[in-house]
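Protein chains in written order, with our numbering: chain A, 6 to 186; chain B, 6 to 186.
There are 2 protein chains.
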Amino acid sequence: MREDTRTRIQEIALRLFTEQGYEATSLREIAEELGVTKAALYYHFKTKDDIVASLVETRLAELEELLDWLRSRPRTPETRRELIERYAAGLRATRHLGIAGFLERNQTALRGHPTLTKMRERMMELTAEMSPADATPTERVSHALALFALHTGKWLVKEGELTDEEIHQATLKVARRLLEP
Amino acid sequence: MREDTRTRIQEIALRLFTEQGYEATSLREIAEELGVTKAALYYHFKTKDDIVASLVETRLAELEELLDWLRSRPRTPETRRELIERYAAGLRATRHLGIAGFLERNQTALRGHPTLTKMRERMMELTAEMSPADATPTERVSHALALFALHTGKWLVKEGELTDEEIHQATLKVARRLLEP
DNA sequence: GTCTATATATCGATAGAC
DNA sequence: GTCTATCGATATATAGAC
């Protein structure tokens, strides 16, 4: 069963946006890789921003769910431990790690993008609300870094030195340790 | 003693590149903030890329010095501890933290830029060579994250929640801890 | 050193045929 | 759903006067 065109556009766009940057990637390039003309893309997506929005939507939904869950819980070490396990599991779902990487590497270029602004806000709320109210600056930074470590791992080591699975397991261990008092 | 125009261009460019992104910032905007026309910039810098190169040069030189130093030392815990202290001290020097932030947030847009490619390579060598040859994946990720934590701290916490100095001290503590066995 | 004026290219987006 | 053709805006960069 063949993928539909909309999905293929998303895949090509995500790859090019991540490799080259959002602004540096033109719709012409995306269209060429797909084997159609630029105009054809506009049948599937209203604007270039719309492609980004479509990529981020599912991840944003998951993040908001995670935030709701966090708010229903006391700010205890146990909650934090469970949070990073849930966060890590979410990243393993289809495309999410790639999307997180794309967002992190194109923050400035996408400044002002409504869906992106929302994502960033949710992420900040997540890191702010995982620590107790009386946490020290060091604890706050440590907890926040635990989350970020989970999708930054890939860019920390030389390409090819470790497999994706090794990196995933390693960042998870490091993240758990960053939560310890 | 008034700053020369070349330096003012660098300052304005660094700020706008960081705030808005490299591609999203036009030479017209930089010129307008400076109070001159676009064409005047070309007297001071040959191209737009050239402005970036000039920003990165001093930081690249420092990084290469640090790499030479690291290579002259055994890969011991003591060397790693001294490395992050030196790295952190370097970041406090004029503009370097801002430049590091700009580079991190515009990696993709600047892909292919020769000076940037060199920077990224040096950074990867630094993280690769700070760990002993028999280090586990977890140790490698942990050590590399210690370095990155030093210039990522600012973006981990909600703006205004902590002062720059608090963040600096906190990231340094977290970094030291990431080096512990 | 800075200006005006312009060359040249590419971008996102649209109109309308098929 | 995809095409050709094109619009309008903006970009980097240059030429040459002052």
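Ideal Cβ placement from N, Cα and C applies to all residues, glycine included.
- B:Ala93 is positioned such that its CB atom lies no closer than 7 Å to that of A:Pro142.
- For B:Thr52, the nearest beta carbon of chain A is not closer than 7 Å to its own beta carbon.
- A residue is called buried once 16 or more other Cβ atoms fall within 10 Å of its Cβ, and B:Arg64 is buried on that count.
- For B:Ala36, the enclosing alpha helix (DSSP H) stretches over residues Leu32 to Leu39.
- Sequence-distant Cβ neighbours of A:Thr122 in its own chain, meaning closer than 7 Å and more than five residues away, do not exist here.
- By the CB criterion at 7 Å, B:Ile56 and B:Ala29 fall outside the cutoff.
- Per DSSP, reduced to three states, the secondary structure at B:Leu161 is coil, with no helix or strand assignment.
- Annotation: B:Leu71 has no Cβ neighbours in chain A at a cutoff of 7 Å; minimum Cβ distance is about 17 Å.
- Comparing C-alpha distances from B:Leu72 to each of B:Thr42, B:Val162 and B:Glu126 shows the shortest one belongs to B:Glu126.
- Between the segment 137-152 of chain A and the segment 135-149 of chain B there are fewer than three inter-stretch CB-CB distances shorter than 8 Å, so the stretches are not counted as touching.
- Taking C-beta separations shorter than 7 Å and ignoring five residues to either side along the sequence, the partners of A:Arg85 in its chain run Met135, His148 and Leu184, following chain order.
- It is roughly 22 Å from the alpha-carbon of B:Arg80 to the alpha-carbon of A:Lys178.
- Contacts with chain A at 7 Å (Cβ-Cβ) do not include B:Gly165.
- Residues of chain A with a Cβ closer than 8 Å to the Cβ of B:Ile17 do not exist; the shortest Cβ-Cβ separation is about 16 Å.
- Taking 7 Å as the cut-off, the Cβ atoms of A:Leu155 and A:Leu96 count as close.
- The C-alpha of A:Pro186 lies about 56 Å from the C-alpha of B:Ala45.
- Contact of B:Met124 with chain A by beta-carbon distance below 9 Å is absent, the smallest such distance being about 14 Å.
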